[in-house]
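Asks:
In the numbering used here, the protein residues as written are 10 to 406.
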């Protein structure tokens, strides 16, 4: 006997299938929503990293987040305090401006702005701010100095900084000294390496750590985590370095000295044009710019003790070579004076805002710890002088 075959009702088959499909559709929506939330969170974190830590697609004068310990090694006259330099999210020394900082004053220059051997509070840039707060309580002064850069490289730096910095209300530039040194290959290689102009101007260039700030930050955190806890941050034994320079200077023989400068006319013409271009940039941006001359310790009446603190003048990059030539202090003084005079002439003829700091420093050897870098006393004097100049043109001061 054959058993009858009964077809299962369609509703009994389709009901579980439709239920599964509904669950899958609901699950897909949840998955898509989860992915959307995750993507939004990643984008928000990326934006926050770029705003408050650093942006790897930008170019910075100094690398944001970088730190270095600077030691004087008991070898720098009138400098007595070791410290740590920390670079803010704008690529400069010290604290970044807050939302309430106003006005914002950005200071550019080389090592005589950076004030490498001084703790942050003693730098002349911070001294400007301290002297202004009596009448401008929320002023911010930003230190964008970088050793070894000249005025032409400020033309590379300024357009980059204003892309990500909050609105700058005033630019201050101390210039001339490194321009002279570069033009005559003093403390610089005789042949400028390929790509040097931009690499020297900007420690961190576009995409040095890729395209994503979040990924770059994770990589930095991993490197920091994997580094031994006892491993110190990078250290600059600057006192030892400066002593090596002074020792080499003391051993220079008569045949190595150069007392006469070459014709500076073409270099000074370029310098004039650079000053004009910096003024044009500031005008186009819409902020005033103040130019500051470069002080120096040299004089015809220098004492022997002051001469023992000198190091400058070697031509080329190898100061320890017995064959390297050195400009005398008289020649260096003539060169710095020529660049300062050129700046002051531009100030008079073009109506520029200028501070003749070199004049203030004449006869004050205690304002320096070597040829042209400032001691704490010198930084305090320069900060006060520049602040007074700013006050004269600022409403309410």
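For glycine and all other residues, C-beta sits at the position ideal for the given N, C-alpha and C.
1) Hey, how far is the Cα of residue 324 from the Cα of residue 109?
2) Thinking just about the alpha-carbon of each residue, which of 289, 348, 211 is nearest to the one in residue 156?
3) When you compare each of 234, 150, 314, 245 to residue 82 by their alpha carbons, which one comes out closest?
4) Mind checking residue 234: buried by the 16 CB within 10 Å criterion, or exposed?
5) Return the first residue and the last residue of the alpha helix (DSSP H) that residue 205 is part of.
6) Who are the Cβ neighbours of residue 76 in its own chain at under 8 Å, not counting the five residues just before and after it?
7) Helix, strand or coil: which one does DSSP assign to residue 182?
8) Identify every residue that forms a DSSP beta bridge with residue 102.
9) Considering just the uninterrupted stretch of the alpha helix (DSSP H) at residue 333, what are its terminal residues?
10) Going by the CB atoms, is the gap between residue 62 and residue 226 shorter than 8 Å?
11) So the alpha helix (DSSP H) residue 284 belongs to, where does it begin and stop?
12) Note the first and the last residue of the continuous beta strand (DSSP E) segment covering residue 5.
13) Starting from residue 163, follow the alpha helix (DSSP H) in both directions and report where the run begins and ends.
14) Taking residue 80 as part of the beta strand (DSSP E), name the residues at either end of that continuous run.
15) How would you call residue 318, buried or exposed, if buried means at least 16 neighbouring beta carbons within 10 angstroms?
16) Where do the ends of the beta strand (DSSP E) carrying residue 244 lie?
17) Using the rule of at least 16 other Cβ atoms within 10 Å of the residue's Cβ for burial, across every protein chain shown, is residue 401 buried or exposed?
18) Using the Cβ count rule (16 or more neighbours within 10 Å means buried), how would you classify residue 404?
19) Would you check if the distance between the CB atom of residue 379 and the CB atom of residue 251 is smaller than 8 Å?
20) What is the DSSP secondary structure of residue 109, reduced to helix, strand or coil?
21) Look at the Cβ atom of residue 283, then the Cβ atom of residue 115, and state whether they are nearer than 8 Å.
22) Since residue 363 sits in a beta bridge, which residues does DSSP pair it with?
Replies: To lay it out plainly:
1) 47 Å
2) 211
3) 245
4) exposed
5) 205 to 210
6) 93, 94, 95, 96, 242, 243
7) strand
8) 96, 152
9) Per DSSP, residue 333 belongs to no alpha helix (DSSP H) and is neither H nor E.
10) yes
11) 274 to 294
12) Coverage of the chain is limited to positions 10 through 406, which leaves residue 5 absent and any answer about it impossible.
13) 160 to 173
14) 76 to 80
15) buried
16) 244 to 246
17) exposed
18) exposed
19) yes
20) coil
21) no
22) 300
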